[in-house]
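The listed protein sequences derive, respectively, from chains A and B.
Here the first sequence stands for residues 44 to 326, numbered as in my numbering.
Here the second sequence stands for residues 44 to 326, numbered as in my numbering.
Read through the structure below, which is laid out as structure tokens, and then see the notes.
2 protein chains.
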Amino acid sequence: MLDPNEWFTEVVASDGAAFSLRVRDRLHAEQTPYQFIEIYDTEGFGKLMVIDGCTMLSTRENFLYHEMMSHPALYTHAAPRRVCIIGGGDCGTLREVLRHESVESAVQIDIDERVTRLAEQYFPELTESNADPRATLLFEDGVRWIEEAAPGSLDLIIVDSTDPVGPAEGLFTRDFYAQCERALAAGGILIQQSESPLYHVKILREMHEAMRGAGFDSTQTLCFPQTIYPSGWWSATMAGKGVALDRFRVEAAREKSFETQYYNAGIHQGALALPEFLRRALG
Amino acid sequence: MLDPNEWFTEVVASDGAAFSLRVRDRLHAEQTPYQFIEIYDTEGFGKLMVIDGCTMLSTRENFLYHEMMSHPALYTHAAPRRVCIIGGGDCGTLREVLRHESVESAVQIDIDERVTRLAEQYFPELTESNADPRATLLFEDGVRWIEEAAPGSLDLIIVDSTDPVGPAEGLFTRDFYAQCERALAAGGILIQQSESPLYHVKILREMHEAMRGAGFDSTQTLCFPQTIYPSGWWSATMAGKGVALDRFRVEAAREKSFETQYYNAGIHQGALALPEFLRRALG
Chain A
44 MLDPNEWFTE VVASDGAAFS LRVRDRLHAE QTPYQFIEIY DTEGFGKLMV
94 IDGCTMLSTR ENFLYHEMMS HPALYTHAAP RRVCIIGGGD CGTLREVLRH
144 ESVESAVQID IDERVTRLAE QYFPELTESN ADPRATLLFE DGVRWIEEAA
194 PGSLDLIIVD STDPVGPAEG LFTRDFYAQC ERALAAGGIL IQQSESPLYH
244 VKILREMHEA MRGAGFDSTQ TLCFPQTIYP SGWWSATMAG KGVALDRFRV
294 EAAREKSFET QYYNAGIHQG ALALPEFLRR ALG
Chain B
44 MLDPNEWFTE VVASDGAAFS LRVRDRLHAE QTPYQFIEIY DTEGFGKLMV
94 IDGCTMLSTR ENFLYHEMMS HPALYTHAAP RRVCIIGGGD CGTLREVLRH
144 ESVESAVQID IDERVTRLAE QYFPELTESN ADPRATLLFE DGVRWIEEAA
194 PGSLDLIIVD STDPVGPAEG LFTRDFYAQC ERALAAGGIL IQQSESPLYH
244 VKILREMHEA MRGAGFDSTQ TLCFPQTIYP SGWWSATMAG KGVALDRFRV
294 EAAREKSFET QYYNAGIHQG ALALPEFLRR ALG
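This is the structure in structure tokens:
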């Protein structure tokens, strides 16, 4: 039916579903020390990055993910100055973070430098802010970096990782969250991509429990569309250190000085509303 | 890659994308006078109905669509009593409409009786309210039915149709909207499924223009996730006759007397918020 020479397909075996994009060409394929990275030229979605067989981002709709991994948390924090991004090697989240004038430093720590080098080549629009003097790009183990961070030295930690299997597994644990909680100043926020609201309710529930168990006093999941990820529907979960996560700086979001494609104050408010089944599942 | 004997695949050729569900069996296939209907037993989504090659509904996640095609419009109308559903032969929208105590009559007009008969067999939970004394099921041309409806005789028209090609084409025209406007009483609302916010911005823009051109004084698109439809992200568009569509009976929605899986007052409010790119496109 779908000729594998013409289509890239990601199968979600656990849910008996698959999503495919028609490709013109595979532009690159590489086994790094950490993962297998492919770049495709697609017919309808621009360039596509695939890691270990899972779609990571496409030119056409990565704005959904990158805007929702950054702006809601940044507008929830009272005055975010010191930001770190664990993972996020494509630099799309970093670009969005740097749009906020309050941000004084943004450190991106991705274990695999090749993700960033390939993003520079195939998604140059995402790396356009990498030379910002506030930005630091490190290529090392994010878990260790957080462990070594000084207590209270960060306002916002964004965990922009792959799924909780493989290299990113350690980023979904109570121990890691406890280190994040320690590294955050009062009023600080951790936000992490938290999989599909439809397929991964168990992961979501465990994440909330682990975050609370690690000392965070508030947690909040945000939902948003994400066409190329399993189910087409995705989430991010925030954990707060003495901060209400269901409120945000609405006026600042309404008067933001930069353009977005998805995010605005209404979208932010809407993303905070949990579907009934998820509200019940998360208690 | 995906064995066509094991997977049902819907290709969206215009966007170079495809979505597949793993199937255990094809339970039914039938060419009716209007369309080709298939029923599959899937591995992860329960039963699946396919019409002319397009996924229509699955057991697992039809609640997303049916709840969003009904409750937002019903809670936007001040006091909806007389409802008609054009299309909607699977009866899932009808079931949601009948949950509202204010509704005195709900007429479902689907041109193809076979959709309803197959729903009774394979999606019995959706047809469980068909014997409600307030419900009338007709199997005839919805366009003609609306043309013959008395002026001002309806409070809410729900167009729960297939895509704007084939039998449903006439439901996406200014002439049809003008007939709906005529059949609605003051304060009345038309709501229609309006395709993917990501893939079909042109259809959405033309729909708003046609609705306004037909005499409606307000229009409002709602967005919501819909895993098995193209892009995994879907929309419905409301047109109002002397009614603000960006407000609704919030207290009534908060205190609703029935259970939902997706809809609640927060979800309703959130669905009204348009993504930036769509807000710009719809002016």
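From the three backbone atoms N, C-alpha and C, an ideal C-beta is built for every residue, glycine too.
As the structure is a computational prediction, the values presented were derived from the model and not from experiment.
Query: Residues from the region 291–315 of chain A in contact with chain B, defined by Cβ distance under 9 Å; Result: E302, T303, Q304, Y305, Y306, N307, A308, G309, I310, H311, Q312, G313, A314, L315
Query: Member of B/E249, B/D155, B/R248, B/S204 whose CA lies at the smallest distance from the CA of B/M112; Result: B/S204
Query: Bridge partners - A/F267, DSSP secondary structure assignment; Result: A/W277
Query: Beta-carbon proximity list for B/C127, same chain, < 6 Å, skipping 5 on both sides; Result: V150, L197, I200
Query: Where the beta strand (DSSP E) containing B/Y83 begins and where it ends; Result: 79–85
Query: Alpha-carbon to alpha-carbon, A/L321 and A/Y306; Result: 22 Å
Query: Chain-ordered residues of the region 189–220 of chain B with a beta carbon less than 8 Å from chain A; Result: none
Query: Endpoints, the alpha helix (DSSP H) within which B/E238 is located; Result: No alpha helix (DSSP H) holds B/E238; DSSP gives it neither H nor E.
Query: 9 Å Cβ cutoff, B/Q269 in contact with chain C; Result: You won't find chain C in this structure, because its protein chains are A and B.
Query: Close beta carbons around B/V54, own chain, < 6 Å, minus the five adjacent residues each side; Result: A61
Query: Top-ranked residue by Cα proximity to A/S216, from A/L247, A/T119, A/G231, A/P240; Result: Residue identity check: residue 216 of chain A is Thr in the sequence provided, not Ser. Nearest C-alpha to A/T216: A/L247.
Query: The region 46–60 of chain B: positions lying closer than 9 Å to chain A by Cβ; Result: D46, P47, W50, T52, V54, V55, A56, S57, D58, G59, A60
Query: Exposure of B/D289, with buried meaning 16 or more beta-carbon neighbours within 10 Å; Result: exposed
Query: Span of the beta strand (DSSP E), counted from its first residue to its last, around B/G185; Result: Not the beta strand (DSSP E): B/G185 falls in the alpha helix (DSSP H), residues 185–191.
Query: Backbone secondary structure at A/Q304 - three-state DSSP; Result: coil
Query: Contact check, B/Y77 vs B/R67, beta carbons under 9 Å; Result: no
Query: Selection from B/F51, B/T136, B/G256 that minimises the alpha carbon distance to B/A162; Result: B/T136
Query: Residue span of the beta strand (DSSP E) that contains B/F51, given as start and end; Result: 50–55
Query: Cβ neighbours of B/H71 in the same chain (closer than 7 Å, five flanking residues each side left out); Result: E81, I82, L161
Query: Within 9 Å, strictly: CB atoms of A/F291 and A/Y118; Result: yes
Query: Any chain B beta carbon closer than 9 Å to A/T85; Result: yes
Query: As assigned by DSSP and simplified to three states, the class of A/L64; Result: strand
Query: C-alpha gap between A/E191 and A/H143, whole angstroms; Result: 26 Å
Query: Interface residues of the region 275–292 of chain A facing chain B [CB-CB below 7 Å]; Result: G275, W276
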